[in-house]
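Position in the first sequence counted from 1, then plus 90, gives you this note's numbering.
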Amino acid sequence: MNVLSDHWEPQIPVTDYNGLTITEATNLQNALRHRVNLKPLRSKIKTIAGADISLDLHGEIVFAGLVILDMNDLQPIAYSLVTATNTFPYVPGYLAFREIPAITKAFEQIPVASRPDVIMFDGNGILHSRRMGIASHFGVLTQTVTMGCAKKKLAGKYTKPDSYKGTYTPVIDKNETIGFALRTKVNVKPVFISPGNGMSLADSISIAMNCVRKHRLPEPTRKAHEFVNLFRTGALKEGYHEIQKMTLF
DNA sequence: GCGACAG
DNA sequence: ATCTTGTCGC
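Right, dumping it as structure tokens:
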């Protein structure tokens, strides 16, 4: 079956991009972009996960993970960690092909009943020249609600938001708003927020702001980065784990 | 041709 | 992304 076919429905996510050429990758992005859903979220979200990867010295082994947080207090309640072999090089605009295979593996390891309402990626959603950043790509493949939070701009133009925390400006490409530059900390470089799939532009900026605490990066992405690094250095083990809630008495 | 360029 | 030391500031 050809994944580029218009009639192909994503049931079992395609996660093997081994040997794909950039031209083929571009074609896949152009085929998937029409499947992105940017309608407003309908239900209130209870949990949100951060997704990220970490690489070993040579960049051959991928340590991937998702950390699920309770939306109320942004505390981690579970995490899923896996390793995978690296197959695709890093090419700006094609990050999805490098990270999605491993992240999908980690996602599928989470029991269906425990899967997060939203997944925040360390990268972009539609803030991409073909509107197909890693968050949108993953969201379409797995039919999940996703968004992106990148540390650097990938596409579009924007004016610097004011130095105050919580201010943001639109990132515009071809006369279209594709995301926002959000100041999460006073006098600190903004982060770039965009919807991935299953939510609107307004939803993405709203959720991002609700996930910011004391740091530049929103908690989901920050925790995901922290956990995959603990995994790479051996402090955490592969698998799906639930975190016991701290009881005070 | 030149500048830009997620992780 | 990863490696790497000190330093400035809350």
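Where a beta carbon is used, it is the ideal one built from N, C-alpha and C, also for glycine.
Answer yes or no: do residue i and residue j have a C-beta to C-beta separation smaller than 7 Å?
i	j	result
V172	E332	no
F211	A225	yes
L156	S144	no
S294	M237	yes
L244	N265	no
G199	Y330	First, the amino acid is wrong: residue 199 is Gln here, not Gly. Yes. Within cutoff.
F228	I190	yes
N108	G149	no
L276	I268	One detail in the question is off: residue 276 reads as Val in this sequence, not Leu. For V276 and I268, no; Cβs fall outside 7 Å.
N120	N287	no
T234	I216	no
A314	D142	yes
T259	Y248	yes
C239	T311	yes
Taking residue i as part of the beta strand (DSSP E), name the residues at either end of that continuous run.
i	result
D160	I151 to D160
With DSSP as the reference, please indicate the residues paired to residue i in a beta bridge.
i	result
C239	I283
D106	Looking at the DSSP assignment, D106 forms no beta bridge with any residue, so it has no partner.
E332	A168
K327	Answer by DSSP bridge pairing: none, since K327 is not bridged.
K247	I262
In the DSSP assignment, the alpha helix (DSSP H) including residue i goes from what residue to what residue?
i	result
T311	E309 to R322
T234	Counting along the chain, T234 falls outside any alpha helix (DSSP H), and DSSP gives it neither H nor E.
I112	I112 to L122
Are the region 129-147 and the region 157-165 touching by the rule of at least three beta carbon pairs closer than 8 Å?
-> yes
What beta strand (DSSP E) runs, 3 residues minimum, are completely inside the region 138-225?
-> 151-160, 166-175 and 208-211
Taking contact to mean at least 3 C-beta pairs separated by less than 8 Å, is the region 278-296 in contact with the region 306-323?
-> yes
Unbroken alpha helix (DSSP H) runs of length 4 or more, entirely within the region 250-300: which are they?
-> 291-300
At least 3 beta-carbon pairs within less than 8 Å: the region 247-263 vs the region 178-190 = no
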